[in-house]
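Asker: A single structure is presented below for examination.
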Amino acid sequence: RWAEGRYDRLPGQAVELVRRKVDLLAATGGENSALAAKQATALIPIVFAIGGHPVDLGLVASLSRPGGNLTGLTQYTGPLDSKRLGLLRELLPGAAHIGLLVNPRFANSAAQLADLKDSARRHGVEIVTQAATQESDLEPAFAALARQRIDGLVVSSDPFFNTRRDKLVALAARHRLATIYEFIEFARAGGLMSYGANLADGYRQVGVYAGRILHGARPGELPVLQPTRFEFVVNLKTARALGITLPQSLLLRADEVIE
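Those letters in the sequence shown? Residues 5 to 263, per my numbering, in order.
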């Protein structure tokens, strides 16, 4: 089942799958998908893929022994928004106003915003927030950010934004905004920079856990997986188009440089 970024569809889709008496639910669409699956069943095993902390969200009792019928992995994409702000600030040392594109309907959005504002205070910059909850909001959101003359933009971690990556990258280019994103797929699509875990590897791990559970493992006894490394990617072609010279300090730390 695919909600197309419409989080309001998820609870009904989860209930529908439970009624079909599936053997396992793989909730790979982030926090909202995992919470919808958890609400729909306490019996069917659930393997989730999220970006925040599963204990804070109430999905599991602990990372090492989740308990209940859920386990999975966290990519820690949400907590990394502060790291992305730091990288953007390093690129733009004179920046005073950094934009944040956020989806208030995403379950982890309040925590993301609080973390980013705290990080902004440490970096001495002001955060300018703009909300987008559906595709029709994206163009007006970018236009509003451009009018406020922000120096750069952080696109917050959100599965909805991930499914609209080509649109976001095109809008950032149109408005000439230096932008950093969560996954390498954004940089490969033409985004300036990305920093985060490997999305494809995360989905593979969900499949591995699903296979183990279908062969008899108990989800509550499988520890929640966490990424062991994060990828920093820069796109030099996009930097040249924006008239930005990437400092050597960033280039040397990049795991991949797209030319």
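Here a beta-carbon is modelled for each residue, glycine too, at the ideal position from N, C-alpha and C. Just so you know, these numbers come straight off a predicted model, no measurement behind them.
How far does the alpha helix (DSSP H) with Thr-183 in it reach, from first residue to last?
Answerer: Bounds of any alpha helix (DSSP H) do not take in Thr-183; it lies within the beta strand (DSSP E) bounded by 183-185.
Asker: Can you tell me whether DSSP reads Gly-76 as helix, strand or coil?
Answerer: Judged by DSSP in its simplified three-state form, Gly-76 adopts strand.
Asker: For Thr-249, name the three-state secondary structure that DSSP assigns.
Answerer: coil
Asker: Enumerated in chain order, which unbroken segments of the beta strand (DSSP E) with a length of 3 residues or greater are wholly contained in the segment 29-75?
Answerer: 29-31, 50-54
Asker: Tell me which same chain residues have a C-beta within less than 7 Å of the C-beta of Thr-78, skipping the five on either side of it?
Answerer: Ile-54, Gly-55, Gly-56, His-57, Pro-58, Val-228, Gln-230
Asker: According to DSSP, simplified to helix, strand and coil, what is Leu-226?
Answerer: In the displayed model, Leu-226 falls within coil according to three-state DSSP, outside both helix and strand.
Asker: Closer than 8 Å by C-beta to Asp-122: which residues in its own chain qualify, once you throw out the five before and the five after it? Chain order, please.
Answerer: Ser-86
Asker: Quick one: using the 10 Å Cβ neighbour count with 16 as the cut-off for buried, is Lys-42 buried or exposed?
Answerer: buried
Asker: Across which residues does DSSP place Gln-134 in a beta bridge pair?
Answerer: Leu-105
Asker: In terms of DSSP beta bridges, what is Glu-260 paired with?
Answerer: Val-237
Asker: Between the segment 166-186 and the segment 58-77, do three or more beta carbon pairs fall short of 8 Å?
Answerer: No, because fewer than three Cβ pairs between the segment 166-186 and the segment 58-77 fall closer than 8 Å, the two stretches do not touch.
Asker: Between Leu-172 and Gly-220, what straight-line distance do the alpha-carbon atoms span, to the nearest angstrom?
Answerer: Cα-Cα distance, rounded: 42 Å.
Asker: If you pair each beta-carbon of the segment 100-113 with each one of the segment 142-158, do three or more pairs fall below 8 Å?
Answerer: yes
Asker: Among Arg-180, Phe-236, Asp-12, which residue has its Cα nearest to the Cα of Ala-201?
Answerer: Phe-236
Asker: Does the beta-carbon of Pro-49 have 16 or more other beta-carbons within 10 angstroms, so that it is buried, or is it exposed?
Answerer: So Pro-49 ends up on the buried side.
Asker: Between Leu-92, Phe-52, Gly-194, which lies nearest to Val-129 when the distance is taken from Cα to Cα?
Answerer: Leu-92
Asker: Could you check if Val-238 is buried or exposed, using at least 16 other CB atoms within 10 Å of its CB as the buried criterion?
Answerer: buried
Asker: Apply the 10 Å Cβ neighbour rule to Asp-162 and answer buried if 16 or more other Cβ atoms are within range, or exposed otherwise.
Answerer: buried
Asker: Where do the N-terminal and C-terminal ends of the alpha helix (DSSP H) with Leu-149 fall, by residue?
Answerer: 142-151
Asker: When you compare the CB positions of Lys-241 and Ile-217, do they come within less than 8 Å of one another, or not?
Answerer: no
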